[in-house]
Amino acid sequence: MWTAIYYFKPLYWLLLSTKATKTILFRGFGYKGPIEMVTYPDTWIRDLPLLHLGKGAYLANKATIGTNMCLSDGTILVDKISIGENSVIGHLCMLAPGVQIGSNSETGSGCAIGIGVILGNQVRIGPMALINHGARITDGVKVGASCYIGSKVQINVKGLSIPGSTNIPDNSVINSESDLHSFIQKRA
């Protein structure tokens, strides 16, 4: 039934247009979180019982909030996704199962956020950045455009700014600005 509504855009748009109809739609399909969020008919959301969208969350058009995915070995992975209050998920951004995004955070257009990634509060991810599976990014970090943050990377410095196009390899741990500078110097 959800798929039928999703693919019939005029009906879906109408249902999203008022708080009352949006509440009926989302509650009817098992969503338990706050209704005070913004989403569009072409935002791909599924498995509503597995979503938590904080008040004021904004899911841009054509974003994919993927609570389930099929892996290359045929395994189907299903996990919750949590997006904090007043956070913005950018146009064409993709979130994998298990993603947790803190409050007042933003993912830029075309980002890919991998399985089980945790982003703290007030994190900014620039356009076209890739945050690979299991990465952990603490509060206030700014990741520039087209950066690659490898699998299981831990960025533990609050307020750190990572310049665009920086490549941080898998399993790296950044506990200071000098740790970050070693990766920036390698690319120069």
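The working numbering applies: residue 439 is where the sequence shown begins, and numbers increase by one.
Cβ atoms here follow ideal geometry from the backbone N, Cα and C, with glycine treated the same way.
Residue i: buried (16+ other C-beta within 10 angstroms of its C-beta) or exposed?
i, result
"Val516", "exposed"
"Cys508", "exposed"
"Tyr445", "exposed"
"Ala567", "buried"
"Asp485", "buried"
"Thr481", "buried"
From the DSSP output, in three-state form, read off residue i for me.
i, result
"Leu509", "coil"
"His640", "The displayed coordinates of the chain run from 439 to 626. Any statement about residue 640 would go beyond what the structure contains."
"Leu598", "coil"
"Tyr586", "strand"
"Arg562", "strand"
"Tyr444", "helix"
"Tyr496", "strand"
"Lys518", "coil"
"Thr461", "helix"
"Ile622", "helix"
How long is the line joining the alpha carbons of residue i and residue j, rounded to whole angstroms?
i, j, result
"Phe464", "Gly588", "35 Å"
"Thr502", "Ile473", "18 Å"
"Tyr450", "Thr441", "10 Å"
"Ile553", "Thr459", "32 Å"
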